[in-house]
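First residue of the sequence shown? That's 66 in the numbering used here, and the numbers climb one at a time after it. Every residue, glycine too, gets a C-beta built ideally from N, C-alpha and C.
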Amino acid sequence: MRLSEALHLRVQDINLENTTIIVRSGKGNKDRITILSSVIISDLQNQLEQSRERFEHSVIPVSLPTALERKYPNAGLEWGWQYIFPAQNASVDTATGEIRRHHIHRSGIQKAMREAVRRSGISRHAGVHTLRHCFATHLLLSGVDLCEIQELLGHEKLDTTRIYLHVMKEFRQSVKSPLDILNNSIL
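#1: So, are the CB atoms of Thr85 and Leu101 less than 7 Å apart?
#2: For Pro126, does the count of other Cβ atoms within 10 angstroms reach 16, so buried, or fall short, so exposed?
#3: With DSSP collapsed to three states, give me the class of Val124.
#4: Which same chain residues end up closer than 8 Å to Leu81 when comparing Cβ atoms and leaving out the 5 residues on each side of it in sequence?
#5: Determine the DSSP secondary structure at Tyr229, reduced to helix, strand or coil.
#6: Tell me which same chain residues have a C-beta within less than 8 Å of the C-beta of Gln112, skipping the five on either side of it?
#7: Nearest-angstrom Cα distance between Ile228 and Val88?
#8: Which residues mark the beginning and the end of the beta strand (DSSP E) in which Thr195 is found?
#9: Determine the extent of the beta strand (DSSP E) in which Gly85 is found, giving its start and end residues.
#10: Tell me which residue opens and which closes the alpha helix (DSSP H) that Ile105 is part of.
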């Protein structure tokens with residue numbers, strides 16, 4: 066996911082049983098479904114518990130899209146609409162001028178990423194968006210179809226996803242001819 070997509074995730078967008086995430090109003094204002102790693106489910110459940118505690122101790126509604134707030138005035142007080150990564154404090158909603166709860170600010174995530182990169186000793190530049198590139202690259206290296214990767218990333222055009230094929234050029238030496246593989250299995 067893109068950073069903004071992750072920040073805008075709401076409780077109802079996560080399906081822990083099916084390990085899926087609904088990304089709503091992603092780039093191009095489109096919705097999509099992507100995968101959720103089972104490796105992080107425990108951490109995600111802990112995050113949800115912390116968010117729930119904050120939610121239960123607040124009478125301030127979460128910010129919602131304007132049309133939704135008009136149609137369902139109490140939705141901002143429902144658990145399913147709460148942000149998975151809520152901000153510590155409520156603030157003024159710039160659209161309505163009312164006090165609302167929002168998601169954490171992107172700069173906090175970016176700062177945490179910079180610190181993680183520094184502590185890891187990685188000398189190359191790596192930002193939050195690098196994780197998205199790594200996700201796509203590892204899917205490709207695992208043999209996932211390019212069209213499937215396109216869908217998971219929310220790319221409108223396949224050409225955008227094809228950019229990740231450059232990584233395959235670096236790994237060509239490790240690729241064996243199917244004839245060699247077949248010949249080895251016969252022997």
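Well, looking at it:
#1: yes
#2: buried
#3: coil
#4: Leu101, Ile106, Leu109, Gln110
#5: helix
#6: Ile149, Phe150
#7: 22 Å
#8: Thr195 -> not in any beta strand (DSSP E); alpha helix (DSSP H) instead, spanning 193 to 206.
#9: Strictly speaking, residue 85 in this sequence is Thr, with Gly absent from that position. Where Thr85 is concerned, the enclosing beta strand (DSSP E) stretches over 85 to 88.
#10: Ile105 -> no alpha helix (DSSP H), and no H or E assigned at all.
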